[in-house]
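Structure, as structure tokens:
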Amino acid sequence: MGVSGILHTGLTVSDLDRSIAFYRDLLGLELISQWDSSQPYLRTVVGYPDAELRIALLRLPAPDGAPGHHIELLEYRRPRGSRGDANTYIPGNGHVAFMVENLDATYAELRARGVRFKSAPVDITHGRNAGAKAVYFFDPDDITLEMIQPARRA
């Protein structure tokens, strides 16, 4: 018994088209597929007997031809939800961390394009990521995301 890997990370969004534009056009993920679903199996899995969803699957680039991680965006058409408290100190709230090669340049470009950040990039000075740089930022639904520039290893 046990898990054997991670298939995808799912994020619930309020406007699928807006979120696709953010993740594809600003962050550079590849849109793999997009569909609507109200299938009985899906309604059972999500636990809402009248669920209607719009779904998109995007893929992150991966080094050396390895398979990229997938981000699944889900817009619930029914039932419609409302935003809750997305602060990262609230139990149950998480974040997705993306690796970048040049955090300062990526930060400057995304900020110029209107992306909101919690702070400017900071140097990580302690722990297993010492020597790296990191910053939190937000998608259009205020989902917390992180960018990390890994430490240079000799």
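One rule links them: number in this note's numbering = place in the sequence shown (from 1) + 831. From the three backbone atoms N, C-alpha and C, an ideal C-beta is built for every residue, glycine too.
- For residue 967, there is no enclosing alpha helix (DSSP H); the residue is part of the beta strand (DSSP E) that begins and ends at 964–969.
- By the Cβ test, the region 845–854 is in contact with the region 969–981, since at least three Cβ pairs between them sit closer than 8 Å.
- Within the DSSP secondary-structure output, residue 954 pairs in a beta bridge with 964.
- Here the region 832–841 lies against the region 885–903, with 3 or more beta-carbon pairs under 8 Å apart.
- Within the same chain, and ignoring the five residues on either side of residue 863 in sequence, the residues whose Cβ sits closer than 6 Å to its Cβ are 888, 890.
- A distance below 7 Å separates the beta carbons of residue 982 and residue 962.
- Excluding residues up to 5 positions away in sequence, 938, 966 lie with their Cβ nearer than 8 Å to the Cβ of residue 951 in the same chain.
- Residue 909 is not a Cβ neighbour of residue 867, given a cutoff of 7 Å.
- A straight-line Cα-Cα distance of about 20 Å links residue 833 and residue 876.
- Between residue 928 and residue 977, the CB-CB gap stays under 7 Å.
- Check the Cα spacing between residue 946 and each of 858, 848, 954: the tightest is with 858.
- Comparing alpha carbon positions, the residue from 850, 879, 860 closest to residue 930 is 860.
- In this structure, the CA atom of residue 913 is about 30 Å from the CA atom of residue 979.
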